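Numbering (this note's numbering), first residue to last: 523 to 680. Positions of the beta carbon are idealized from the N, C-alpha and C atoms, including for glycine. Being a predicted model, the structure only gives us computed values, none of them experimental.
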């Protein structure tokens, strides 16, 4: 009887953990159906706590973006976007064309660090972005969401 009760509790806890994981993925707006596919995305979101833009990224939303404007102009827009998003600007360096902001999750108050660097390129100015959770092994797509939120906010401001 005691063994059966223990198994019921264990099953309930596992089901609860699964529901929480699915809820976090849904809240973060992960794109499970898009390339490179659901399996790869789930492995990434459950085992990685960093999202970084780069050329040729397997995840289309993390593709490096280039803007047809000067670094100074883009810097001003990025700073404005961070304020619109209510992210805390920890460090701003117009000379180095870089910013460091933090994002605090609403539910559990976890803090993620977002580093932004602007680089002159043939296409204009590249926006390099890295978002990293301070704790945890998997971020359930939160850091990819930060990249997408900044891109969407910039798109609206430009």
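*For residue 588, the residue or residues it bridges with in DSSP*: The residue labelled residue 588 in the question sits at position 66 within the chain shown. Beta-bridge pairing links residue 588 to 648.
*Cβ atoms of residue 584 and residue 666: under 9 Å apart, would you say?*
On the chain shown, position 144 is the one that residue 666 refers to. On the chain shown, position 62 is the one that residue 584 refers to. Yes, they are a contact pair.
*Out of 553, 664 and 648, point me to the one whose CA is closest to residue 638's CA.*
Walking along the chain shown from the start, residue 638 turns up at place 116. Residue 648 is the option with its Cα nearest to residue 638.
*Name the residue from 661, 671 and 674 whose alpha carbon lies nearest to the alpha carbon of residue 565.*
Looking up residue 565 in the chain shown gives position 43. Checking every option, the nearest Cα to that of residue 565 belongs to 661.
*Kindly give me the distance between the Cβ atoms of residue 604 and residue 623, rounded to whole angstroms, as I take these residues to be in contact under 8 Å.*
Sequence index remark: in the chain shown, residue 604 carries index 82 (1-based). Sequence index remark: in the chain shown, residue 623 carries index 101 (1-based). With a Cβ gap of about 5 Å, residue 604 and residue 623 count as contacting.
_Tell me which residue opens and which closes the beta strand (DSSP E) that residue 580 is part of._
What you label residue 580 is simply residue 58 of the chain shown in a count that begins at 1. That residue, residue 580, is in no beta strand (DSSP E); it is neither H nor E in DSSP.
*Euclidean distance between Cα positions of residue 664 and residue 550*: Working through the chain shown from its first residue, we reach residue 664 at position 142. Working through the chain shown from its first residue, we reach residue 550 at position 28. When rounded, the distance between both Cα atoms is 6 Å.
*Between residue 608 and residue 558, what straight-line distance do the alpha-carbon atoms span, to the nearest angstrom?*
As a working note, residue 608 is residue 86 in the chain shown. As a working note, residue 558 is residue 36 in the chain shown. The straight-line gap from Cα to Cα measures roughly 31 Å.
*What is the DSSP secondary structure of residue 707, reduced to helix, strand or coil?*
Outside the shown range of the chain (523 to 680) lies residue 707, about which nothing can therefore be said.
*Can you name the start and end residues of the beta strand (DSSP E) that residue 629 belongs to?*
Numbered from its first residue, the chain shown carries residue 629 at position 107. Looking at the DSSP string, residue 629 is not in any beta strand (DSSP E), and its letter there is neither H nor E.
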